[in-house]
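In what follows, a single structure is set out as structure tokens and then discussed.
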């Protein structure tokens, strides 16, 4: 009442006409000198954002929304500003009333009470916006006057202002027709562009603490503008990629109605961003799918999935959204539509798309029996799924495809009983019999596929999926399964299916991973397929350790290999790390309590749940900019080869030639470690760290710091149900990034495990564990304590050029090539027959193999069939050695294989020329007693180290002994204990000698 420029009822005026009051309050405070009488002549309508007046109203809504979101508690903001449009409008206007009335010493009151907002910094942005608009008002009015002077007197062409409103006119606050003058070019306000730029800067810098971005509600308002919609969507996509924290804030600010309405857009660029945003929202809160279905939004995702040319991450998000809709509202989607969309991308080039196509397929089968019948009757779809499950390079794709096939097994299992009934019922139609027969045939195909996968897949995630699928099939259809077991004659198809299932379960029961074998034992508690074997197992369970292995292994190795082999970091965790975060409380141990393993099984998430959570970490920067998903083999090969060649050429030119002469004479014992563990069976140096890795007869791997003489860490190959002590017979270091060395350990029973140092505490974590020998059989070479020197067990060799781990030793003369990046067997080669592999060494494309009968064979890894090997010896008619081969090694010059070294148990070392395999180039002087190991340096071909029971000899390429080591150096000069392992550092002239009394001696050339 004290200000003539403001109305008497100021509070009511602010609530009912906020824009008019904001202008009347600001104009006298502005230096523009705009009279209050001219404010009503601002052209436009409040609900038309393209006009000056509508633009002001739009910006006012964005600013007051943003102030409220930043100041109010989230629940109160949702209640007042998102549940009712009228209430939201009143409270937005209330914020303006508080600001204006505060200047005249008045305080408005609301229920509920709101925090003070009159001094919020965004009000300055509002003042600047109003000033920009008013600055153009004189020019607009002048242009209008000039236009009227050129028209007829009176109202001119505009007509009577009190008459009916004409279509297409723009109205001002006084409700008179007020079009923008044609002679005047209005400059739109840059408020939203400036705010998006500020939000983009915030995204580039990143959040500070837990503070959400202040500009987020403004970015949502920009979605109402066609001109800036795409930019706003891309900014929102980038924001949601931060993770669950960002998605929670987006949901709290009310993103849902905006992106729901925009789904109807047909612009490809907008649809990509919208699909990605919807995937992020549903990954955190699946309840949003209810409103999506109400608006028939599922149709848009089906259409998008059928566009195979869309960016891979968007296609994957579309399949993910459809899987959520199928799980929640299966009736809203037609079988044919979903199946057609999924099948269209099953063979997509990107594994992420293949994975989610399979997962969506699985959800559809689970909710619709017709989908199952569709697969049964469509051999093309079936074959696609078979190929994905058997040989896809991504383990998560194989797992997802198996999810579909395991549901198929569950649905078809009951058909076994039906088949027996059909055979005895002559009244049933012939077509029904054919369908039943076809179902059982498909079941047999699937089970045969599963039997091969459990023996040829190194990924625990894949084997776990098979175990869980069989558990569900057997448990849910216990009566049907028992009927299959007890059905008819041995020639019955149903009986064959039951026997196949039991065979698979027996393999999984011996799985080296405790969780996989634990699931199988849980199945046995429902259907006793083990029989008497279960009693023996129970006796072993009672004697196991109290420590429990946790399920922190189901991690795809591909992401980790990309980091380690290529030196690339990953800002966001990969798809499998989510499972690791659930079960990484303690490292794996050598044995575990079945009771505690079962506790871990109860909390184990499903594969679908794991992959759903991984959606939160997906990144998308636009078409063609998807973050690397799986390590490319070519990149790893080029990196490793280039570094190796560079190092070797440089090393050779500097000191290698001189060192060949100096090393035998100047080799000195520099360190003696008393490890206090079991007999040392294997050892290896980390190439870029002062670390020595040793494996003992008790199955423990230890990493020692050779500088500080301290134990860094210890770990063992996990065994939930130990069948005896299995020593570490082979150690390989997968060379790569020096910060994350990868260690592969092989045991005497054929089990291999891969470990890497991960986490803030730098603990050794298991990456994968599998039966590398292909069968749970002990090596033909004896593994008892009396003959530990000839115990070879599983032998492994790392081929960095092919990214393969070559393993043999427990399956006769068969080599198995394991693709480490994809965690799958890349093939098998029979090196020889009638004997077991006792030694091997692989290089670029070849592998030299030694056997128990003295055979030495050179195998071409590119030829995976019998007969592709070169046998060393007298015209191939006799063996290269008269006793078991202890060690072999290839020697290369400039990546070309030239010679092969081999050593036998009886003490003889031979050098072979690959161009003349019938006769040895060199034959050494025999050692006294048994030879236990041999090593040769890649860059020092004239230095060969062999070990006997209690001595180490250095021999040259002519077979002459150049140095003997029989005693420790020092005052007491004790004799060396029986020697069990040798290893040479690949970068330095350093030799490690492991002994049976758990001692390791390090020898180094003094002149190096």
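Residue numbers (UniProt numbering): 1 to 1008.
All C-beta atoms in this analysis are idealised placements derived from N, C-alpha and C, irrespective of residue type, glycine included.
Keep in mind the model is a prediction, meaning the values are calculated, not measured.
Which residues DSSP lists as bridging residue i, in chain order
i: residue 896; result: 893
i: residue 715; result: 701
i: residue 928; result: BP columns for residue 928 are empty, so no partner.
i: residue 729; result: None, per the DSSP bridge assignment.
i: residue 858; result: 848, 870
i: residue 983; result: 992
i: residue 916; result: 913
i: residue 953; result: 946, 964
i: residue 804; result: 799, 819
Spatial neighbours of residue i in its chain, beta-carbon cut-off 6 angstroms, leaving aside the 5 residues before and after
i: residue 281; result: 288
i: residue 203; result: 238
CB of residue i within 7 angstroms of CB of residue j, strictly
i: residue 511; j: residue 463; result: yes
i: residue 275; j: residue 304; result: yes
i: residue 922; j: residue 873; result: no
i: residue 794; j: residue 729; result: yes
i: residue 967; j: residue 667; result: no
i: residue 679; j: residue 996; result: yes
i: residue 732; j: residue 744; result: yes
i: residue 409; j: residue 351; result: no
i: residue 955; j: residue 998; result: no
i: residue 295; j: residue 260; result: yes
i: residue 888; j: residue 838; result: no
i: residue 685; j: residue 937; result: no
i: residue 363; j: residue 323; result: yes
i: residue 842; j: residue 806; result: yes
i: residue 683; j: residue 994; result: yes
i: residue 810; j: residue 882; result: no
i: residue 846; j: residue 764; result: no
i: residue 359; j: residue 608; result: yes
i: residue 277; j: residue 224; result: no
Same chain only: Cβ atoms within 7 angstroms of residue i, ignoring 5 sequence neighbours per side
i: residue 641; result: At residue 641 the pLDDT is 34, less than 50, meaning the model places this residue with poor confidence; the figure from the coordinates comes in the next sentence. Hits under 7 angstroms: 801.
i: residue 95; result: 64, 67, 68, 117
i: residue 279; result: 317, 320, 321, 615
i: residue 1079; result: Absent from the structure is residue 1079, since the part of the chain shown begins at 1 and ends at 1008.
i: residue 951; result: 964, 965, 966, 976
i: residue 217; result: 62, 65, 66, 69, 253
i: residue 285; result: 251
Buried versus exposed, by CB contacts within 10 Å (16 or more), residue i
i: residue 190; result: exposed
i: residue 717; result: buried
i: residue 3; result: exposed
i: residue 245; result: exposed
i: residue 505; result: buried
i: residue 272; result: buried
i: residue 106; result: exposed
i: residue 863; result: exposed
i: residue 124; result: exposed
i: residue 161; result: Model confidence at residue 161 stands at a pLDDT of 40, short of 50, so the residue's coordinates are unreliable; what they give is reported in the following sentence. The residue is exposed, with fewer than 16 neighbouring Cβ atoms inside 10 Å.
i: residue 546; result: Note that residue 546 scores a pLDDT of 31, beneath 50, so its modelled location is shaky; the value from the coordinates is reported in the next line. Residue 546 is exposed by the Cβ-count criterion.
i: residue 267; result: exposed
i: residue 300; result: buried
Spatial neighbours of residue i in its chain, beta-carbon cut-off 8 angstroms, leaving aside the 5 residues before and after
i: residue 519; result: 464, 467, 468, 471, 508, 601
i: residue 832; result: 813, 849, 851, 855, 857, 869, 871
i: residue 228; result: 192, 193, 196, 222
i: residue 478; result: 526, 527
Span separating the alpha-carbon of residue i from that of residue j
i: residue 297; j: residue 453; result: 39 angstroms
i: residue 840; j: residue 849; result: 4 angstroms
i: residue 39; j: residue 73; result: 36 angstroms
i: residue 206; j: residue 12; result: 42 angstroms
i: residue 131; j: residue 43; result: 15 angstroms
i: residue 353; j: residue 401; result: 12 angstroms
i: residue 10; j: residue 226; result: 36 angstroms
i: residue 252; j: residue 455; result: 49 angstroms
i: residue 624; j: residue 220; result: Note on residue 624: pLDDT 39, under 50, position unreliable in the model; no value is reported.
i: residue 114; j: residue 210; result: 23 angstroms
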